[in-house]
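Sequential numbering of the sequence shown, starting at 5, is according to our numbering. All C-beta atoms in this analysis are idealised placements derived from N, C-alpha and C, irrespective of residue type, glycine included. To start, the structure under review is shown below, and the notes come after it.
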Amino acid sequence: MAEIAEKFGLEWHLIVAQMVNFAILFIVLYKFVYKPILSVLDKRREKIEGSLQQAKEIEERNKKLQEEISEKLSASKKETERIIAEAKEIGESARNNILLETNREVSSMLAKAKKDMEHEKEQMMSDIQDHIVKMSLVVVEKLLADKLDEKTKAHLVNDSIKELSLTK
Numbered sequence: 005m006a007e008i009a010e011k012f013g014l015e016w017h018l019i020v021a022q023m024v025n026f027a028i029l030f031i032v033l034y035k036f037v038y039k040p041i042l043s044v045l046d047k048r049r050e051k052i053e054g055s056l057q058q059a060k061e062i063e064e065r066n067k068k069l070q071e072e073i074s075e076k077l078s079a080s081k082k083e084t085e086r087i088i089a090e091a092k093e094i095g096e097s098a099r100n101n102i103l104l105e106t107n108r109e110v111s112s113m114l115a116k117a118k119k120d121m122e123h124e125k126e127q128m129m130s131d132i133q134d135h136i137v138k139m140s141l142v143v144v145e146k147l148l149a150d151k152l153d154e155k156t157k158a159h160l161v162n163d164s165i166k167e168l169s170l171t172k
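And the structure:
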């Protein structure tokens, strides 16, 4: 082996020195270049993983918010429909109450008008009867004025008044 090394012109002490130099260069590069590059790459990888994790969390929160919004919209829509139905119900109830009250008032007014008409009819009949009695007395008095005495006249008038009082 020594012969082969001499044929190629290799010197062992130079090869060892070169190996030592290479080892020193490797250690220096490893400590000052490779480790910082690995550190930067690790930090970059961690940052990217953190960003991906944040993106997932944001996406999950976004989905939850969308679900909450959807639920709230659904609930508010149901509430709106309930309020509208309740308002319709109240309106219908108020309408029915107004109609009932109006019908009661109309019935009351009709009954009062009918009662007033009956009262006026009775009053008119009474007035007509009184007028007929007076007219009858005047006619009878004129017819009988010459033929009856005062006593008989008074008796006839009293009888007529009693009969009319009984017919009322």
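Residue i - containing alpha helix (DSSP H), residue span
i: Leu-14; result: Per DSSP, Leu-14 belongs to no alpha helix (DSSP H) and is neither H nor E.
Distance CB(residue i)-CB(residue j) smaller than 9 Å
i: Ser-169; j: Leu-141; result: no
i: Glu-145; j: Lys-157; result: yes
Contacting residues, own chain, Cβ-Cβ under 6 Å from residue i (five flanking each side not counted)
i: Glu-15; result: none
Could you pull out every unbroken alpha helix (DSSP H) segment of at least 4 residues lying fully inside the region 53 to 95, listed in chain order?
-> none
**Q.** Start-end ranges of the alpha helix (DSSP H) lying completely within the region 17 to 46, minimum 4 residues
**A.** none
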